[in-house]
Amino acid sequence: MFDRLPAFCKNFYFVVSAVFLVWLTFLDSNDLINQMRLQNKLKSLKEEKEYYQKQIEEVKKSRKELLTSGEQLEKFAREKYFMKKKSEDLFIIINEK
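In this text, residue positions in the sequence shown follow numbering that gives the first Met the number 0: the first is 0, and each later residue adds one.
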């Protein structure tokens, strides 16, 4: 039965190396498929991190503008929280599109 196998398949080191590679590629908990999946997830998480860091910078910039300018603060309060002066009436129009 073993007579038909090529000489390199009878070599102990070749057989052990082949079994080891198969084990690492398909059977281990850290196999090649999981490593690729984790690599893709890491890439997407890095992209999300970059996006949120840009958002944080924009928020810091707008916060700084709001805290330094009284006009900007009043505009923000009127638009976001519908605040008004005592002598004003406030009408809210909502588009249902």
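For each residue, glycine too, the CB sits at the ideal point set by N, CA and C.
Assignment of D2 by DSSP, reduced to helix, strand and coil, places it in the helix class. Taken in chain order, the complete alpha helix (DSSP H) segments of 4 or more residues contained in the region 4-91 are 6-9, 11-21, 31-67, 69-80. A Cβ-Cβ contact shorter than 9 Å links F81 with I91. Just so you know, the alpha carbons of I93 and E78 end up roughly 13 Å apart.
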